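One rule links them: number in this note's numbering = place in the sequence shown (from 1) + 876. Quick notes on the structure that follows.
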Amino acid sequence: MNNVEKIKEGIERRREYLRSKANVVPAPGGLQDPPLKAVELDVLDGDPEGLLHVSMLVSDLDVKIPFWGFLIPQNAYAEVTMNIRDSAGTIVYTDPRKHDGPLPQSVFPLKQNIPQASIPHEGTYTIDYSVESSSGNSNVSEPFTITIDRTAPYYNADPTVAFPAALVVPEKSITDAYFTGGVDEFVCILPEYSGRTLEDRIIVFWDPVLPENISAPDPAFGPVFVPDDLKIPIPKIIIEKRPNGPTFAVYWLIDKAGNVSSISTPAKVDVQLGALPADLKDPEVPLGPLVDLADAHLGVEVKIPAYNNPKGSTIQAKWGAIDLDSKDPGSDPVDVFISVPWSVLKSEYAGGPGGEPVKASYQVKRGSLLFPDAPLVVEVEVDFSTIGPVNPDEPNPVNPDLAPVHVVGADGEQDKLTLADKLKDITATVELYTPVAPGEVLQLYWGVPDKPVADFTVVNESAQDPITFIIPWAAIEAQGNNPALRMYYTINSATGNNPQQSLDTLVDVAVMVVGFDPVSFPDLYEDTGGFKTLSCRSLYSEDYADPTAKFGFRVQVPGDTDLNVGDTLIAVWQGYEFDTTTAIPATRFTHTHPPLTADEVANGFIFLVEPYDTYIVSAP
C-alpha cells in the first residue's frame, strides 16, 4: 500500500467516524459520499505528480476549495479545516476556518490560501480538507498530492563544487580556418551531471564579458531542453557578431520546477577571426653587428620589419632571455623599433673581457596566438668591457672618476693660452688612473672629436704618475681662438672597443691675432675726377615711392674666414669733426647683427645706417 492509499484509507475512517456521531438529516444534495472533491491548485503536468513551480513558493499558496455538495443557509456556518500531511500521513500544517452562511453554490470555489511561511521546504505532501456544518453535515476531501522541489540542478553545499562544470570546447581559439569546409557552428559539449532529467533546460551565453544574470539579453543558445547528446552548438553568426578577443561561454540549467542553477564555470575561448599576421621577417639590430658602450649610450633598438595584417597584434621581443616592453604596431604595415634599456643590455652581458654573442628575438601575438610558432632571431656581438676605473655613469662614455687634463701657457696661467704661446707646441699633463696596465693607450683631443692630437702608451708607469701629451702648434692653429675650447682624453686597451673619456677641460685660447677686412659702401658717389664720397647721391631708400620708408647709407660687411656660423657681429658707425679725431657723439650708430648664417660667414652682409636725420645729418 503506497502513501496515497494510506492517506485515503485514513480519510475514509475519519469520515465513518463523523457519520457515526452525526444524527442529522442531510440537506438537499446530501452528505457527500464518496469523499469531497480535492482542492484546486495549479501544478505542472507530468511527473513528478503535483509539482509546484518555484515561482509559487515565494508568496502564499493559492488553494481553492470546490463546492462540497451541501448548502450552508443563513444563520448557519461551516467549519473547514485544511491540512497538509507529509508522506507518513503526519499533519505538518492545519488551518481551521469558520465560514458563515449563507454559502450558496455560486460563491465556490472558496479561497483558503496557505501562508508562504507554512509551505513545506521540499518533498511530497498531500493537501486535504474536512467540512462540518453547524447542522451536522460533515465530510472529508480526497487528498491532493503536491511535490515541492527547491533544489537547483548542480546544487552542492560545498562551494568548491557549487558551480556547474565548464562547457567542453573543441578548440581554445577560433580563427577563420575553423569554419572552412562549410562548418557553421562551434559545437561545445555539456558535461554530464547528476540528476539530469528530460525536462531540464539550458541557456548559454557567449560574450567577452560574463552576463550578470540569466535574464541577460541575446543568449547564444536556448533556453531549450538539454539535448540528449549534450551537444551545444554556438552558431558562427553569433561568434562573428561578437568582437575578437577572449570570449566566455557560460550557461545556466533550469529544472522543471523552475529552479535555476548557479552560473557555470566559464569556458574561455580566444576568438581571432580575420586575416592573421603574415610575412614576418628576422629582426634586425641597426647598431649591430657589434654593440658597444657607445651604442648603448646612443640607444640600442631591435627593429621589427613591417609585416602584413598587424591590426590587433602586439610584438613581444626579447634581448637574450629578458622580455622587452611589448609594442603595438598599429593598423598598417610599418617597421617597428623596440628600445633595449641599459639595464637589460648590462644584465645579458656576462662581463667579458671582449665580445659575447647575444640573440635578439621576437614573436607577434594576437590574442593567445603566436606568430610564427618559434621566435625569429638575430645574433649580435656585445662588448661592454673597459679598462681603468669603473664608470659610475655607464653607459655614458664620460667617466667622472678620470682625473682632468690641464695645460699651462707661457704666461703661467692654467688652461689659458695667449699670444705668448703663438707658434709653440704646448704640453698637457694628467695623472694616471687606477688601475692601469702596460700597453693601455691614452689619446688627447683638442677642440674636435674627429682625431686625437696626441697619444701616450703606458709602459711601466704606475697609477697616479703624471704623464704628458705634446699638442702640436698646427693643431692649436687649426682650432684658432676660443674662450672655452674643449680638451679631454680617452683611455683604452690597444684593441678595445670601449674608450672611456675624461670630463672636458675648457681652455681659454687667444693665440691668434684677429683682423677683419674693412667694410665698404655700395653706394659711394664718384665724381669725374675719381674722387669718392658719401653724399646725398649715396642715400639708399628701402622704398623710394614711400616717403616714410627707411633711408640712409648702406654698409657692406665682408665675409671672413675668422668668422663662424652663429657668431654675433657688432658694427659701429661713428662721425668725426673735420680734424678726423674728434668724435661727434650724436652720430654714433651701433648695428648688432643676428647670429651669422653660413652664407653671411662666406659672403658678408649689408646693413643700413638710419635714420638719416639722427646719424648722418649731424656729420660735417
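We treat Cβ as the ideally placed atom computed from N, Cα and C, and that holds for glycine. As the structure is a computational prediction, the values presented were derived from the model and not from experiment.
- Item | Three-state class that DSSP yields for L1174 in the structure shown | Here residue 1174 corresponds to residue number 298 of the sequence shown, with the count starting at 1. Helix, per DSSP.
- Have a look at Y1225 and G1372 and give me their C-alpha separation to the nearest angstrom. Within the sequence shown, the letter at position 349 stands for residue 1225. Within the sequence shown, the letter at position 496 stands for residue 1372. Cα to Cα, the separation comes out at about 16 Å.
- Given P1153, which residues of its chain have a CB within under 8 Å of its CB, disregarding the five upstream and five downstream residues? Residue numbering aside, residue 1153 sits at position 277 when the sequence shown is read from its first letter. Excluding sequence neighbours, P1153 sits near Y1183, N1184, N1185, P1186, S1189, V1240, R1242 and F1247.
- Message: Rounding to the nearest angstrom, what Cα-Cα distance links A1279 and G1227 in this structure?
- Response: Sequence index remark: in the sequence shown, residue 1279 carries index 403 (1-based). Sequence index remark: in the sequence shown, residue 1227 carries index 351 (1-based). When rounded, the distance between both Cα atoms is 25 Å.
- Task: Figure out for me which residue from P1471, L979, V1147 and V915 has the closest Cα to the Cα of K1117.
- Result: Sequence index remark: in the sequence shown, residue 1117 carries index 241 (1-based). Ranking the options by Cα distance to K1117, first place goes to V1147.
- Compute the Euclidean distance between the alpha carbons of D1341 and V1335, then round it to the nearest angstrom. Along the sequence shown, one-based indexing puts residue 1341 at 465. Along the sequence shown, one-based indexing puts residue 1335 at 459. Cα-Cα distance, rounded: 12 Å.
- Query: DSSP three-state call for Q1239: helix, strand or coil?
  - Reply: Along the sequence shown, one-based indexing puts residue 1239 at 363. It is a strand residue.
- Just to confirm, are K1112 and V1044 a CB contact at a threshold of 9 Å? As a working note, residue 1112 is residue 236 in the sequence shown. As a working note, residue 1044 is residue 168 in the sequence shown. No, the Cβ-Cβ distance between K1112 and V1044 is not below 9 Å.
- Task: Name the residue from F1213, D1208, P942 and P1461 whose alpha carbon lies nearest to the alpha carbon of D1201.
- Result: Here residue 1201 corresponds to residue number 325 of the sequence shown, with the count starting at 1. When each option's Cα is compared against that of D1201, the closest is F1213.
- Task: Can you tell me which of R1464, V1389 and Y1491 puts its alpha carbon nearest to the alpha carbon of F831?
- Result: Nothing about residue 831 can be reported from this structure: the residues present for the chain run from 877 to 1496 only.
- Are the CB atoms of R1081 and P1095 nearer to each other than 9 Å? Position 205 of the sequence shown holds residue 1081. Position 219 of the sequence shown holds residue 1095. In the sequence on display, residue 1081 carries Phe and not Arg. Contact flag set, yes.
- Message: If the criterion is Cβ atoms closer than 9 Å, does the pair R1072 and V1037 meet it?
- Response: As a working mapping, residue 1072 is identified with position 196 in the sequence shown. As a working mapping, residue 1037 is identified with position 161 in the sequence shown. No, the Cβ-Cβ distance between R1072 and V1037 is not below 9 Å.
- Item | Cα-Cα separation, G999 to I960 | For the purposes of this step, residue 999 is taken as residue 123 along the sequence shown, with counting starting at 1. For the purposes of this step, residue 960 is taken as residue 84 along the sequence shown, with counting starting at 1. Those two C-alpha atoms are separated by around 12 Å.
- Query: Would you say R1362 and G1406 are within 9 Å of each other, going by their C-beta atoms?
  - Reply: In the sequence shown, residue 1362 corresponds to position 486, counting from 1. In the sequence shown, residue 1406 corresponds to position 530, counting from 1. Not closer than 9 Å, so no.
- Item | Bridge-paired residues (DSSP) for F1020 | Within the sequence shown, the letter at position 144 stands for residue 1020. Paired residue(s): I1003.
- Message: Between Y969 and I941, how many whole angstroms is the CB-CB distance? I'm expecting something under 8 Å.
- Response: Counting from one through the sequence shown, the residue named residue 969 turns up at place 93. Counting from one through the sequence shown, the residue named residue 941 turns up at place 65. That belief does not hold up - the Cβ atoms of Y969 and I941 are roughly 15 Å apart, past 8 Å.
- Item | Where K1132 falls: helix, strand or coil (DSSP) | Indexing the sequence shown from 1 puts residue 1132 at position 256. Three-state DSSP puts K1132 in coil, outside helix and strand.
- Kindly indicate the opening and closing residues of the alpha helix (DSSP H) around E1257. As a working mapping, residue 1257 is identified with position 381 in the sequence shown. That residue, E1257, is in no alpha helix (DSSP H); its beta strand (DSSP E) goes L1245 to V1258.
- Message: With distance defined between alpha-carbon atoms, name the residue in W1349, T1333 and A1350 nearest to I1343.
- Response: By one-based count along the sequence shown, residue 1343 stands at place 467. Of the candidates W1349, T1333 and A1350, the one whose C-alpha sits nearest the C-alpha of I1343 is T1333.
- Item | Nonlocal neighbours in the same chain, by C-beta distance under 8 Å from L1506, ignoring five residues either side | Any question about residue 1506 goes unanswered here, given that the chain covers just 877 to 1496.
- Task: Spatial neighbours of D1384 within its chain, please: CB distance less than 6 Å, with the 5 preceding and 5 following residues excluded, ordered by chain position.
- Result: Within the sequence shown, the letter at position 508 stands for residue 1384. Only K1292 and P1359 meet the Cβ criterion.
- Message: For D1443, would you say it is in contact with chain D, using Cβ-to-Cβ distances shorter than 9 Å as the test?
- Response: The displayed structure is made up of one protein chain only, and chain D is not part of it.
- Cα separation between A1421 and K1408? Your numbering for residue 1421 matches position 545 in the sequence shown. Your numbering for residue 1408 matches position 532 in the sequence shown. Their Cα atoms are separated by approximately 27 Å.
- Does the distance from the C-beta atom of Q1450 to that of R1430 stay below 9 Å? The sequence position of residue 1450 within the sequence shown is 574, counting from 1. The sequence position of residue 1430 within the sequence shown is 554, counting from 1. For Q1450 and R1430, no; Cβs fall outside 9 Å.
- Item | DSSP state of K1222 mapped onto helix, strand, coil | Residue numbering aside, residue 1222 sits at position 346 when the sequence shown is read from its first letter. DSSP places K1222 in helix when its eight states are reduced to three.
- Message: Below 8 Å on the Cβ atoms is my contact criterion, and I expect S1417 with Y1401 to pass it. Report the Cβ-Cβ distance as a whole number of Å.
- Response: The count along the sequence shown starts at 1 and reaches residue 1417 at position 541. The count along the sequence shown starts at 1 and reaches residue 1401 at position 525. Their Cβ separation, rounded to whole angstroms, is 16 Å, which puts S1417 and Y1401 out of contact at 8 Å.
- Nearest CA to the CA of S1140: which residue from N1272, V1387, D1301 and A1041? Position 264 of the sequence shown, counted from the first residue, corresponds to residue 1140. Nearest C-alpha to S1140: A1041.
- Query: Any heavy atom of the ligand PLP closer than 8 Å to the Cβ of L920?
  - Reply: The ligand PLP is not part of the structure shown, which contains no ligands of any sort.
- Query: In the structure shown, what three-state DSSP assignment does V930 receive?
  - Reply: Along the sequence shown, one-based indexing puts residue 930 at 54. Three-state result, V930: helix.
- Message: Quick check on the DSSP output: the beta strand (DSSP E) that includes L1358 runs from which residue to which?
- Response: Within the sequence shown, the letter at position 482 stands for residue 1358. Checking the displayed sequence, the identity of residue 1358 turns out to be Asn instead of Leu. Here the beta strand (DSSP E) through N1358 covers N1358 to N1368.
- Measure the alpha-carbon distance for P1209 versus F1062 and round it to whole angstroms. Against the sequence shown, residue 1209 aligns to sequence position 333. Against the sequence shown, residue 1062 aligns to sequence position 186. Straight-line Cα distance between these residues: approximately 32 Å.
- Give the DSSP-derived three-state secondary structure of D1146 in the structure shown. Here the question's residue 1146 lines up with position 270 in the sequence shown. Note: D1146 maps to strand in three-state DSSP.
- Message: Between the alpha carbons of L920 and C1064, how many angstroms are there, rounded?
- Response: The residue given as residue 920 occupies position 44 in the sequence shown. The residue given as residue 1064 occupies position 188 in the sequence shown. Approximately 31 Å between the Cα atoms of the pair.
- Message: Among the candidates P1019, L1086, F984 and G1480, whose CA atom is the shortest distance from the CA of P911?
- Response: The sequence position of residue 911 within the sequence shown is 35, counting from 1. Answer by Cα proximity: P1019.
- With C-beta atoms as the reference, is P1181 less than 9 Å away from P1165? For the purposes of this step, residue 1181 is taken as the residue at position 305 of the sequence shown. For the purposes of this step, residue 1165 is taken as the residue at position 289 of the sequence shown. No. Outside cutoff.
- Query: If you follow the alpha helix (DSSP H) that T1490 is part of, which residue opens it and which one closes it?
  - Reply: The residue given as residue 1490 occupies position 614 in the sequence shown. First-last of the alpha helix (DSSP H) with T1490: Y1488 to Y1491.
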